[in-house]
Amino acid sequence: MKKNVVVILCDQLRTDFLSCYGSDFIKTPNIDQLAADGVLFERATTVSPVCGPGRACMMTGQYVSGTGVWTNDVPFKAGLEYIPERMNQNGYVTGAFGKLHHMPSKDVKGFAVACQMEEGRLAADDDFYKFLKRRHPEINTISPQKDGRFAFGLEDYYEEWIANNAVKFIEDHKDEPLFAWVSFQGPHQPYDAPAENGISTALTPPDPIMLDFEPSCNVPKYRRASNISTPSILGMKAYRERRARYAEGVQIIDYEVGKIIAKLKELGIYKDTVIIFSTDHGCMLGDYDMYEKGAMPYKAQLEIPMIVVDADALPQGKRSDMLVSNLDIAGTALKAAEDPKPLGYSRSIVEMYNNCEIQRSVIFTEFCDSMKLVSTKKYRLAYYPFSKEHELFAIDDETTDLTLDPELQELRIELLSDIIDFVVMAKGEVYLEGHDTVPAVQVGLDEKYYNYREVAPLATPIWSERSRQSLRDHGLDADYTEFMKAREDEFVVHYGKYWRPGDSFFKKTY
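Heads up, the sequence shown is in my numbering, so the first residue is -17 and it goes up one at a time.
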């Protein structure tokens, strides 16, 4: 039987609120157990730092510009392919539990089972609301409050409901390949862990850092100045309470993750299951006097937890600095399903870990057309379209602007070029006329789109031996379109093929 795949997502989870990522004020033993059983990725970056766009990318393997979901509560483009549909086709029973954050909100993109909690977007049609209303007929909101906390006990809390439904799904389908998408609401606000829940304890997270830091570019500068939910406005006491409540949400999620692990082990299928733990993005939580997320180039919201467990294909208890993204969740699931066909630009994290030749040296993040950003293992460059502004800094020293550093000008130009390449890719397809896909272009494609030879639309290889001889006469490579031979029946158009002299012209009929 094929491996099961369980994706566990949080909303707005920072890496520095997990003990396996080095935090010393909080204990997350169940998430730590996943790290002990698999590989923890230290250089994981979100594909988009806002919920709806990031989740659309996870569903499709496309970048934001390719999904059409450029901000929250915007529908997907027509004609896209979705990971649950593909897993259905691979013989999996598919289930989604918690927050999908799609528009329309009931559009579950092919999941056979869906138990949704959508932050009120579904009103009375929300599955969690229906559950809570049956138990407490007096309620009229998805998150009833008492003294700033969820009004009822843990047994009625949305995180518990999400985990319980996921566990039941796993139990019901233990004898067939299953794909579970378990998406918790927290630690995203409302920061309302039930009082005296028996799980979370009062913690003291570190204070927000560098409240006097001033961004060097106008987009994040205006973001910072316009936000009124910051430590400088609400006060540090209020922010300490907010961070403590956020940490309580993390503790509860860790407990719920433990229930999923325990059920998989109880059923004897833990080692037959690929588990992916991650989030949509992080959260500023007051750092640099900023709140939440958006067009800001800082690690608190860009860097995400990514832990992958695969007993057959990955070692245990390893840490990796390989560049990965939540864009890669779909590709990892499909590889586990033994499906060779890619989904958009998503790559299998397991496959990359085991094959250094297809690992990235640069990774792309975008939000709307407000910010386009690339990260290497050491540097990050953010470009703000139409403002004529960009900024370069070292990831481990993000408050020092290196944009004009004379020793880094070659790197700056290279990273700006990388952004242009990714913007070309992000529209959804890379269209390749063979005779223009010259060796230098192929080098860049190998880095950013390593399987383009198998999947990219193709047209017009070199059309004759005379053209090839002319290339040789100029001291150039005459064989660079050789890769197109294997897909000669897929050309959109050609004016001849040097390896078939009798083929002179063809165009696809639409």
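Every residue, glycine too, gets a C-beta built ideally from N, C-alpha and C.
#1: What does a CB cutoff of less than 7 Å around Tyr74 pick up in its chain, not counting 5 residues either side in sequence?
#2: Since Gly77 sits in a beta bridge, which residues does DSSP pair it with?
#3: Specify the secondary structure class of Ile258 as computed by DSSP and reduced to three states.
#4: State buried or exposed for Gly299, treating a residue as buried only when at least 16 other CB atoms are found within 10 Å of its CB.
#5: I'd like to confirm the pairing. Which residues does DSSP put opposite Ala441 in its beta bridges?
#6: Evaluate contact between the segment 397 to 409 and the segment 424 to 433, counting only Cβ atoms and requiring at least three cross-stretch pairs below 8 Å.
#7: Using the Cα positions of Ala226 and Pro202, report the straight-line distance between them to the nearest angstrom.
#8: Suppose you measure from the CA of Gln142 to the CA of Tyr228; what does that come to, to the nearest Å?
#9: I need the straight-line Cα distance from Lys346 to Tyr365, nearest angstrom please.
#10: Are there 16 or more other CB atoms within 10 angstroms of the CB of Ile395, so buried, or fewer, so exposed?
#11: Using CA atoms only, rank isn't needed, just tell me which of Phe404, Ala315, Arg450 and Gly168 is closest to Cys(-8).
#12: With a Cβ-Cβ cutoff of 7 Å, do Gly506 and Val95 count as a contact?
#13: What's the call for Ser47, buried or exposed, on a 16-neighbour Cβ count within 10 Å?
#14: Can you name the start and end residues of the beta strand (DSSP E) that Arg301 belongs to?
#15: Between Tyr462 and Val420, how many whole angstroms is the CB-CB distance? I'm expecting something under 8 Å.
#16: Would you kindly work out how many angstroms separate the C-alpha atoms of Asp194 and Asp174, rounded to a whole number?
#17: Using 8 Å as the Cβ pair cut-off and three pairs as the minimum, do the segment 288 to 299 and the segment 215 to 225 touch?
#18: Using 10 angstroms around the beta-carbon of Ile191, count the other beta-carbons present and answer buried if the total reaches 16, otherwise exposed.
#19: Mind checking which residues open and close the alpha helix (DSSP H) that includes Cys(-8)?
#20: Please state the DSSP three-state secondary structure of Phe134.
#21: Which runs of the alpha helix (DSSP H) fall wholly inside the segment 283 to 355 and span at least 4 residues, in chain order?
#22: With distances taken Cα to Cα, identify the nearest neighbour of Ile181 among Arg482, Lys91, Val239 and Pro279.
#23: Are three or more beta carbon pairs between the segment 111 to 123 and the segment 198 to 217 nearer than 8 Å?
#24: Among residues of its own chain, excluding the 5 on either side of Pro126, which ones have a beta-carbon nearer than 6 Å to its beta-carbon?
#25: What are the start and end residues of the alpha helix (DSSP H) that includes Arg116?
#26: Kindly indicate which three-state DSSP category Gly484 falls into: helix, strand or coil?
#27: Look at the Cβ atom of Tyr139, then the Cβ atom of Met99, and state whether they are nearer than 7 Å.
#28: Would the segment 327 to 346 and the segment 309 to 316 be scored as touching if the rule is three or more Cβ pairs under 8 Å?
#29: Check whether the Cβ atoms of Gln(-6) and Cys265 sit closer than 7 Å, and answer yes or no.
#30: Alpha carbon to alpha carbon, how far is Trp481 from Leu458?
#31: Taking the runs of the beta strand (DSSP E) that are 3 residues or longer, which of them lie wholly in the segment 185 to 243?
#32: Tell me which residues share the same chain as Ser352 and place their Cβ nearer than 8 Å to its Cβ, disregarding the 5 neighbours each side in the sequence.
#33: Let's see if you can read the secondary structure: which residues bound the beta strand (DSSP E) around Arg25?
#34: Please say whether Val29 and Leu284 have beta carbons closer to each other than 7 Å?
#35: Thinking Val291 and Ile257 are a contact (beta carbons under 8 Å), I'd like their distance in whole angstroms, please.
#36: What number of angstroms, rounded off, separates the C-alpha of Lys88 from the C-alpha of Ile121?
The structure says:
#1: Pro159, Leu160, Phe161 and Ala319
#2: Val95 and Ala162
#3: The answer is strand: DSSP assigns Ile258 an E or B state.
#4: exposed
#5: Ala441 pairs with Glu415.
#6: yes
#7: 26 Å
#8: First, the amino acid is wrong: residue 142 is Glu here, not Gln. Those two C-alpha atoms are separated by around 16 Å.
#9: At residue 346 the sequence reads Phe, which differs from the Lys that was named. The straight-line gap from Cα to Cα measures roughly 11 Å.
#10: exposed
#11: The candidate whose alpha carbon is nearest that of Cys(-8) is Gly168.
#12: With the chain covering only -17 through 492, there is no way to say anything about residue 506.
#13: buried
#14: Secondary structure note for Arg301: its beta strand (DSSP E) is the uninterrupted segment Lys300 to Ser307.
#15: Correct: roughly 6 Å between the Cβ atoms.
#16: Rounded to whole angstroms, Asp194 to Asp174 spans 29 Å at the Cα level.
#17: No: the two stretches stay apart, fewer than three of their Cβ pairs being nearer than 8 Å.
#18: exposed
#19: Cys(-8) -> not in any alpha helix (DSSP H); beta strand (DSSP E) instead, spanning Asn(-14) to Asp(-7).
#20: coil
#21: Here the runs fully enclosed are 311 to 318 and 331 to 335.
#22: Ile181 has its Cα closest to that of Val239, out of Arg482, Lys91, Val239 and Pro279.
#23: no
#24: Ala133
#25: Asp109 to Arg117 is the extent of the alpha helix (DSSP H) around Arg116.
#26: coil
#27: no
#28: At 8 Å Cβ cutoff, the stretches touch.
#29: For Gln(-6) and Cys265, yes; Cβs fall inside 7 Å.
#30: 18 Å
#31: none
#32: Closer than 8 Å at the Cβ level, and outside the excluded window around Ser352, lie Val201, Gly276, Ala277, Tyr366 and Pro367.
#33: If you look at Arg25, you'll find it in the beta strand (DSSP E) that goes Val21 to Thr27.
#34: no
#35: 4 Å
#36: Rounded to the nearest angstrom, the gap between the Cα atoms of Lys88 and Ile121 is 22 Å.
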